[in-house]
Amino acid sequence: MKSLIAQSHSLSDPAVQLDVINNHNEKVKSLDKFENKLEEIGLLPLKPTGIEIFQINVGYMCNMTCKHCHVDAGPDRKEIMTKETLQYCLDALKGTDIETVDLTGGAPEMNPHFRWFVDEVSKLGKHIIVRSNLTILDTRKFENLPQFMADHGVEITCSLPFYSKRRTDIQRGEGTYDKSMKVLKMLNKIGYGKEDSGLQLNLVYNPVGAFLPGDQESLKKQYKERLWKDQDIVFNDLFTITNLPISRYLNFLMQSGNLEEYMEKLINAFNPSAAKGVMCRNTISIGWDGSLYDCDFNQMLQMKTNHGAPDHIKDWNLEKLNNREIVTDQHCFGCTAGAGSSCGGAVT
Amino acid sequence: MDKTYYNPEDLKKFENVTDFQEKLGKKFFDYYGSVFEEGALTAREKSLIALAVAHAVQCPYCIDAYTEDTLEKGCSEEQMMEAVHVATAIRGGASLVHSVQMINKVDKLSM
Ligand code: SF4
Ligand code: SF4
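Residue numbers (the numbering used here), protein chains in the order written: chain A, 13 to 360; chain B, 53 to 163.
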């Protein structure tokens, strides 16, 4: 499968995506606006509570092409963060007490400077999270990487959209489940996911279809039981993430005739407490070219940090960024539905 | 849309049944909410039971609603289909067990 951009698909254009989720038809047009909802609960303009997480998207290249991918990542994507831009990130981090550096992609492991960068960040004493798709670690080139990450105390957060093969492979491609099981077992073997090892292994659940995630605790319990019983696999935590209506997931919603209902579902499930806890309030997202965004979703919609805050890592200014106004649109309803959703799972 | 007796959009209007009889309608929805809370059975188990019953009573609204609800609650396709087979077994069994009556009657009438 090719990325939308390689197919020259109209939905690879962020402006088209925003137009679809705002104006697709009369029904979609008539739905409540995110800004109005924030205003009703006194959260407009949406302001950060203070940056605690520095999330770097080190490139859109990926060994996979999952159907729901909000990045539109794939082997055909060539956008990769250069060493120079990674150095700007280190420079920015040095002068701050931001504790967590979160590496995402694409497959972040595919960035040629990955090891060097992890080494440098850990010298700064920061906590590192790597968002792994698991399957990349099943290749010869990366087989030593888990031990390298363990040596640096890296927390691994990896995608496993469901505990069964059928649903996992539908979303992520045939064979993904078996490879993921193999890699999880290997991670367990070096200590990841084991109590007291200090090596944190988290799984990410996201719905395989046009429905919302259920209760995070209940899903965690089910995953723990099933993965232990069926595969002898252990892990620490499970994060439920709602699919936001952008990019390839938006394409799925349109092709399956689910767009209106899904948008309506998100909006009806708007939860003011979840809105207070949206991740853009404590996160800054850095794009492969050094541009700054409020979150990885805004990055994919090319909605840069705005309202007088710097929008490039070269111009990093923590104070200004901590006082910025967050840029929102209709996709944000994905973060505020039900128990809320963030890169760390439910927010309430 | 073709005219049919069932319209998926009508499910969203379910709560409007209180318009004609508020007191009883409200009691029903309060009760309904309580039934599906976590209890001695988990909310997930209750959702699977509801899915099975929805098939037994052949309610298209309930089938839609509890298909989505069981998916959200993390049930697998196998679990959902097994729940429907439970309903099917009871429905089929309920017919078949009556054949004992038929056999009894045959026995009585036959030489
Ligand atoms: S969802 Fe993750 S693993 Fe799948 S294509 Fe996107 S970046 Fe790659
Ligand atoms: S999509 Fe991004 S900007 Fe919008 S609420 Fe979610 S985290 Fe914040």
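Ideal Cβ positions, reconstructed from N, Cα and C, are used throughout, including at glycine.
Everything numeric in this text was worked out from a predicted model, so none of it was measured.
- Secondary structure at GLN73(B): coil, using DSSP grouped into helix, strand and coil.
- Any Cβ of chain A closer than 8 angstroms to the Cβ of ARG96(B) would place that residue at the interface, and such an atom is present.
- Here the distance from the Cβ of ARG89(A) to the nearest heavy atom of ligand 1 is not below 7 angstroms.
- With distances taken between CA atoms, GLY210(A) lies nearest to ASP163(A) out of VAL339(A), LYS14(A), ASP163(A).
- The beta-bridge partner set that DSSP reports for ASP114(A) consists of GLN67(A), ILE141(A).
- Proximity of chain B to PRO225(A) at the Cβ level (cut-off 8 angstroms) is accounted for by GLU124, in chain order.
- At a cut-off of 8 angstroms between C-beta atoms, SER128(B) counts as an interface residue with respect to chain A.
- Taking a contact as a CB-CB distance under 8 angstroms, the pair ALA358(A) and ASN283(A) does not count as one, their CB atoms being some 10 angstroms apart.
- The C-beta separation of ASN145(A) from CYS170(A) comes to about 7 angstroms, placing the pair in contact by the 8 angstroms criterion.
- Cβ proximity to chain B below 9 angstroms picks out PHE174, TYR175, SER176, ARG178, ARG179 from the stretch 162–181 of chain A.
- At least one heavy atom of ligand 2 lies less than 7 angstroms from the C-beta of CYS344(A).
- One thing to note: SER259(A) has its Cβ no nearer than 8 angstroms to the Cβ of GLN19(A).
- Counting only residues of its own chain and dropping the five nearest sequence neighbours on each side, GLY77(B) has a CB closer than 6 angstroms to the CB of VAL69, THR70.
- Against GLY221(A), the close residues of chain B are LEU123, in the order they occur along the chain (beta-carbon pairs closer than 8 angstroms).
- Secondary structure note for TYR118(B): its alpha helix (DSSP H) is the uninterrupted segment 112–124.
- Using a Cβ-Cβ distance cut-off of 8 angstroms, the stretch 180–200 of chain A and the stretch 249–256 of chain A are not in contact, since fewer than three pairs of beta carbons, one from each stretch, lie closer than that value.
- LYS14(A) and LYS125(B) have their C-alpha atoms roughly 32 angstroms apart.
- Residues of chain A whose Cβ lies closer than 8 angstroms to the Cβ of GLU120(B) are, in chain order, PHE223.
- For LYS316(A), the beta-bridge partners assigned by DSSP are TYR305(A).
- Within the model, the alpha-carbon separation for MET73(A) versus VAL83(A) is close to 10 angstroms.
- In this structure, the C-beta of SER171(A) approaches ligand 1 to less than 7 angstroms from one of its heavy atoms.
- At the C-beta level, TRP328(A) and ALA104(A) come within 8 angstroms of one another.
- Partner residues in the beta bridge of ASN214(A), as assigned by DSSP, are THR169(A), ASP249(A).
- Around the beta carbon of ASP308(A), 16 or more other beta carbons lie within 10 angstroms, which makes this residue buried.
- Excluding five sequence positions before and after GLN131(B), the CB atoms of its chain that fall closer than 8 angstroms to its own CB belong to LEU100, THR122, given in chain order.
- Excluding the 5 residues flanking it on each side, GLN243(A) has same chain C-beta neighbours closer than 8 angstroms at MET193, LEU196, LYS197, in chain order.
- Secondary structure of GLY144(B) (DSSP, three-state): helix.
- Remark: the C-beta of ARG143(B) is outside contact range of ligand 1, defined as less than 7 angstroms to any heavy atom.
- When DSSP reads this structure, THR295(A) sits in a beta bridge with ILE65(A).
- In the displayed model, ILE338(A) falls within coil according to three-state DSSP, outside both helix and strand.
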